[in-house]
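Here the sequence shown stands for residues 316 to 421, numbered as in our numbering. Glycine included, every Cβ here is placed at the ideal spot set by N, Cα and C. Here's the structure, in structure tokens; my notes come after.
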Amino acid sequence: MKAEIREFLPEDIPQLTELWSEVFGDDRRLIERFFELLPAMGTGFTARLGGRIVGAAYSLDADFCGEHIGYLYAVAVKESCRSLGIGAELCRRCAALGKTVTLPAN
């Protein structure tokens, strides 16, 4: 089954918060704050299987050496859905925004 990839919507935030917490283990307040700031910082994409969000990636707007770039941030895929190409497709969607994309250091 191929995942449906689309830009995130505000109503996705509860499932995205659950995914982020599961994958990264971050405090919920930090995650809530990220989603409060996201519309001003960039955008995100979700991957769905069977109507449930199983992956997400975010492209944050940044300036680097005078160039406007996208910073690929917090790529997450549920453990049970890894090795299906979902993370790679989410990264491609972020790159397709037409900005130079840089990856996090970790």
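(message) By the three-class DSSP mapping on this structure, what secondary structure does serine 279 have?
(response) With the chain covering 316 to 421 only, the question about residue 279 has no answer from this structure.
(request) Could you work out which residue in Tyr386, Phe360, Ala403, Ser398 is closest to alanine 439 when comparing CA atoms only? (result) A question about residue 439 goes unanswered here, because the residues of the chain that appear run from 316 up to 421.
(message) On the DSSP letters alone, give me the boundaries of the alpha helix (DSSP H) that glutamate 351 sits inside.
(response) DSSP places glutamate 351 in the uninterrupted alpha helix (DSSP H) bounded by 343 to 356.
(message) I need the straight-line Cα distance from arginine 344 to threonine 332, nearest angstrom please.
(response) Taking the straight line from one Cα to the other gives about 10 Å.
(message) Judging by CA-CA distance, which residue of Leu375, Gln330, Glu337 is the nearest neighbour of glycine 366?
(response) Ranking Leu375, Gln330, Glu337 by Cα distance to glycine 366 puts Gln330 first.
(message) Suppose the cutoff is 8 Å on Cβ atoms and the five residues either side in sequence are ignored; what does the same chain contact list for lysine 393 look like?
(response) Hits under 8 Å: Leu334, Glu337, Val338, Val369, Gly370.
(request) For glycine 413, decide whether its Cβ has a neighbour in chain C, counting only Cβ atoms nearer than 7 Å. (result) The displayed structure is made up of one protein chain only, and chain C is not part of it.
(request) Below 8 Å on the Cβ atoms is my guess for cysteine 406 versus leucine 375; work out the distance and round it to an integer in Å. (result) Rounded to the nearest angstrom, the Cβ distance from cysteine 406 to leucine 375 is 14 Å, too far for a contact under 8 Å.
(message) Determine whether the beta carbon atoms of leucine 412 and glycine 381 lie at a separation below 7 Å.
(response) No; because the gap between Cβ atoms is not below 7 Å, this pair is not in contact.
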